[in-house]
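J.: Once you've had a glance at the structure underneath, I'll fire off some questions.
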Amino acid sequence: MASRILMNFSRSASRLLCEPKILRSVATRTYASSSNIANVQERSVIPINCRRELHSSMSSLATADAAKKVVPTPMKPTVKGSKGRIVAVIGAVVDVQFDEGLPPILNGLEVSGRKPRLILEVSQHLGDNVVRTIAMDGTEGLVRGDEVIDTGDPIKIPVGPETLGRIMNVIGEPIDERGPISSKHFSPIHAEAPEFVDMSVEQEILVTGIKVVDLLAPYAKGGKIGLFGGAGVGKTVLIMELINNVAKAHGGYSVFAGVGERTREGNDLYHEMIEGGVIDLKG
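Numbering (numbering that gives the first Met the number 0), first residue to last: 0 to 282.
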C-alpha cells in the first residue's frame with residue numbers, strides 16, 4: 000500500500016514540477032498503517048529538461064540575490080607624496096598608518112626631516128590603513144607620530160657605466176666619499192625573474208683562470224656556487240681574482256654585495272681591490 004502511494008505521489012509531483020512557472024519542493028511525508036508507523040522520504044523523479052529549467056531558475060534567483068548585496072569599495076592606493084605617521088617601532092620593523100589608501104607592497108617610504116635619509120620598504124598590509132615596513136637603516140630616535148612620505152616607487156639605485164668602481168648602500172647613495180654618482184638612469188632593486196623561454200638551457204663551464212677551481216670545482220655559467228672557508232685562508236683574494244679574470248677574459252661585469260659584512264672588512268676589501276687594480280679610481 001505504501002509503495003503504491005509513493006508511486007502516485009512521485010508522478011503527481013513530477014507533473015507539477017513540469018508545469019511552467021511553478022516551482023514546488025517535495026517535502027517529507029509520513030505514512031501510517033494499521034500495524035506500524037513508518038516515516039518515508041522520497042525524491043520525485045524530475046525529467047532532464049525540467050531539471051535544466053529548475054537549475055536555470057534557481058541560478059537566476061541566486062544571481063539576483065547576489066546583485067542586491069552591497070559590494071565593499073576596494074581600497075584606493077596612495078599616490079606619490081601621500082603622508083602617513085608612525086604608530087609602532089619594533090627594532091627594524093616600523094608600522095605606518097595612512098589616513099586614506101595604502102602604498103603598494105615594496106614601495107619606499109621616507110621619514111620626513113631625518114638626516115641621513117631613512118627609507119622604509121613596505122612588506123605587508125595589516126589592515127586599518129596600516130602597513131608594516133622594514134627600515135633600510137637604523138631606527139634610533141624614531142618615535143610614534145613621526146611623519147612618513149610615500150615616494151610612489153620601489154627603492155631605486157643608479158645604473159650604468161657611471162656606477163663602475165663605486166660603492167653605494169642599499170638605497171643607491173654613494174658611501175665611498177668620491178662624490179655623487181652622475182647617472183641619469185635608475186632601476187628598482189626588485190625585478191621580475193626572466194621568462195623560461197628567455198633562459199639558456201645549455202650547460203657551459205665558466206673558465207675562471209684559476210686552475211684549482213676549474214679542475215676540482217668548476218663553475219657553471221648562470222649557476223650558483225658557495226665558497227666556504229675560515230678566516231685568513233684567502234677568500235677575498237680568490238674573489239678579487241675572479242672579478243679580474245671575468246672582466247678581462249669574458250668582458251663581463253661583477254657586482255659585489257656585502258650583506259652582513261663588518262664595516263672594517265668592507266673597507267679593507269675596498270682598498271685591497273684598489274691596490275690590486277680591480278678598481279680603477281681614474282675611471
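Virtual Cβ for every residue (Gly too), placed ideally from N, Cα, C.
Measuring straight from C-alpha to C-alpha, what distance separates E146 and F97?
T.: Position 147 of the sequence shown, counted from the first residue, corresponds to residue 146. Position 98 of the sequence shown, counted from the first residue, corresponds to residue 97. In a straight line, the C-alpha of E146 is about 10 Å away from that of F97.
J.: Name the DSSP bridge partner or partners of A87?
T.: Taking the first residue of the sequence shown as position 1, residue 87 is located at position 88. A87 pairs with D94.
J.: Helix or strand or just coil, what does DSSP make of I273?
T.: Start at 1 with the first residue of the sequence shown, and residue 273 comes out as number 274. In the structure shown, I273 sits in a helix (DSSP, three-state: H, G or I).
J.: Opposite E191 in the DSSP bridges: which residues?
T.: Here residue 191 is taken as the residue at index 192 of the sequence shown, counted from 1. DSSP lists no partner for E191.
J.: Confirm, please, whether the CB-CB distance from G107 to D298 is below 8 Å.
T.: In the structure displayed, the chain extends from 0 to 282; residue 298 sits before or after that span and is not available.
J.: What is the residue span of the alpha helix (DSSP H) that L117 lies within?
T.: Start at 1 with the first residue of the sequence shown, and residue 117 comes out as number 118. That residue, L117, is in no alpha helix (DSSP H); it is neither H nor E in DSSP.
J.: Cα-Cα, which of V158, P193, G171 and T162 is closest to D279?
T.: If you number the sequence shown from 1, residue 279 lands on position 280. The candidate whose alpha carbon is nearest that of D279 is T162.
J.: Sort out for me which residues DSSP pairs Y218 with in a bridge.
T.: As a working note, residue 218 is residue 219 in the sequence shown. DSSP lists L205 as partners of Y218.
J.: Below 6 Å CB to CB, which residues in the same chain sit around N244 once its five sequence neighbours on both sides are set aside?
T.: Along the sequence shown, one-based indexing puts residue 244 at 245. Excluding sequence neighbours, N244 sits near T207 and G208.
J.: Please report the straight-line C-alpha distance between V88 and S181, rounded to a whole angstrom.
T.: For the purposes of this step, residue 88 is taken as the residue at position 89 of the sequence shown. For the purposes of this step, residue 181 is taken as the residue at position 182 of the sequence shown. Roughly 35 Å separates the two Cα atoms.
J.: Taking three-plus beta-carbon pairs below 8 Å as touching, is the region 253 to 264 in contact with the region 233 to 242?
T.: Cβ pair count under 8 Å is three or more, so yes.
J.: Flag this pair as yes or no: are the beta carbons of I294 and E120 separated by less than 8 Å?
T.: The structure shown does not extend to residue 294, since the chain is modelled only from 0 to 282, so the question has no answer here.
J.: G221 and S199 - do their beta-carbons sit closer together than 8 Å?
T.: Counted from its first residue, the sequence shown places residue 199 at position 200. Counted from its first residue, the sequence shown places residue 221 at position 222. Their beta carbons are under 8 Å apart, which means S199 touches G221 by this criterion.
J.: Look up N106 in the DSSP assignment and give the residues it is bridged to.
T.: The residue you call residue 106 lines up with position 107 of the sequence shown. DSSP, once it has assigned bridges, lists P153 as partnering N106.
J.: Closer than 6 Å by C-beta to D94: which residues in its own chain qualify, once you throw out the five before and the five after it? Chain order, please.
T.: Taking the sequence shown and counting its residues from 1, one reaches residue 94 at position 95. Excluding residues within five positions, the ones whose Cβ falls inside 6 Å are V86, A87, V129 and R131.
J.: Which residues does DSSP list as the beta-bridge partners of R177?
T.: Locating residue 177 in the sequence shown gives position 178, where the first residue counts as 1. BP columns for R177 are empty, so no partner.
J.: Enumerate in chain order the residues of its own chain whose CB-to-CB distance from R177 is below 8 Å, with the five nearest sequence positions on each side excluded.
T.: What you label residue 177 is simply residue 178 of the sequence shown in a count that begins at 1. Hits under 8 Å: R165 and L280.
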